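Written out below as structure tokens is the structure these notes cover.
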Amino acid sequence: MVDWIRQGRVAWIFEENFVPDDLMGADNLTVEDPEKLKLLAMKDYEAGFSEKVQTGDFFVAKKNYGYARAHAGVNITMKALGLGGVIADSFTANYPVGAANNAYPMVLTCPGISEKVSRWDQLEVDFKTGVVKNLTTEETIQGVPTPNDVVEMIEAGGLEAELRTNLQGKQ
């Protein structure tokens, strides 16, 4: 069962055209150990970041989050940090597809979100309907609802799991 409504804080707000590989640093692209990646997370931005982030916290980004191809370590890093998802003004075309294929991270396109939140604001995010409630400022922001086919894929556990289920049903 997917938890579509999540609460957490804004752990970081990324600038435009953020390259997800920068989460753990370009010199660590081959690292896949979750504990090592957790300690490396955001090291080029803020020392001790992994000690400040809490399970359920969110990354927020300006336009075009997901620039360039992300390596496997990106999702491993976000899972190790316990992130609740990524909310961005916009994503690159492929990033949300890749996230849905893996059923992680939860992503939400929400134009203007980067201007309506501050670091450490407390949010409640409904990734299915696209509603973001800033519990700190009491403002509600409407993002783009997740399409039904993507909801089904995520609920199945990702593309591979959905295909396996569909193929088994046809036998």
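Heads up, the sequence shown is in the working numbering, so the first residue is 23 and it goes up one at a time.
We put the beta carbon where it would ideally sit given N, CA and C, even for glycine.
These figures come from a predicted structure and were not determined experimentally.
Cβ of PHE81 within 9 Å of Cβ of TRP142?
No, they are not a contact pair.
Who are GLN144's beta bridge partners in DSSP?
Answer is ARG31.
Sort out for me which residues DSSP pairs TYR87 with in a bridge.
Beta-bridge pairing links TYR87 to PHE113.
Exposed or buried, GLN69, counting other C-beta atoms within 10 Å across all chains shown (16 or more means buried)?
The residue asked about is misnamed: residue 69 is Ala in this sequence, not Gln. Exposed, since its Cβ has fewer than 16 Cβ neighbours within 10 Å.
Mind checking whether the beta-carbon of VAL154 lies closer than 8 Å to any heavy atom of the ligand PLP?
For the ligand PLP, the structure offers nothing, since it holds no ligand at all.
Determine whether the beta carbon atoms of GLY152 and VAL129 lie at a separation below 9 Å.
Not a contact, by the Cβ cut-off of 9 Å.
Is it buried or exposed for ASN208, if we count other Cβ within 10 angstroms and need 16 for buried?
Here the chain has residues from 23 to 193 only, and residue 208 is not among them.
Can you name, in chain order, every residue of its own chain whose Cβ lies under 7 Å from the Cβ of SER136, other than the five neighbours on each side?
Taken in chain order, the residues that qualify are ILE35, VAL82, ALA83, LYS84 and ASP111.
Do you know how far the Cα of THR162 is from the Cα of ASP148?
Computed Cα separation, rounded: 11 Å.
Roughly how many angstroms separate the alpha carbons of MET46 and LEU62, rounded to a whole number?
About 5 Å.
If you draw a straight line from the alpha carbon of ILE98 to that of GLY191, how long is it in whole angstroms?
About 31 Å.
How would you label ASP171, buried or exposed, when you count the other beta carbons within 10 angstroms and need 16 or more for buried?
With fewer than 16 Cβ atoms within 10 Å of its Cβ, ASP171 is classed as exposed.
Hey, out of TYR87, ALA102 and LYS138, whose CA is closest to THR114's CA?
When only C-alpha atoms are compared, the closest one is TYR87.
Label ALA122 either buried or exposed according to how many other C-beta atoms from any shown protein chain fall within 10 Å of its C-beta, with 16 as the threshold for buried.
ALA122 is buried by the Cβ-count criterion.
By the 10 Å Cβ neighbour count, where 16 or more other Cβ atoms means buried, how is ASP79 classified, buried or exposed?
By the neighbour-count rule (16 or more Cβ atoms within 10 Å), ASP79 is buried.
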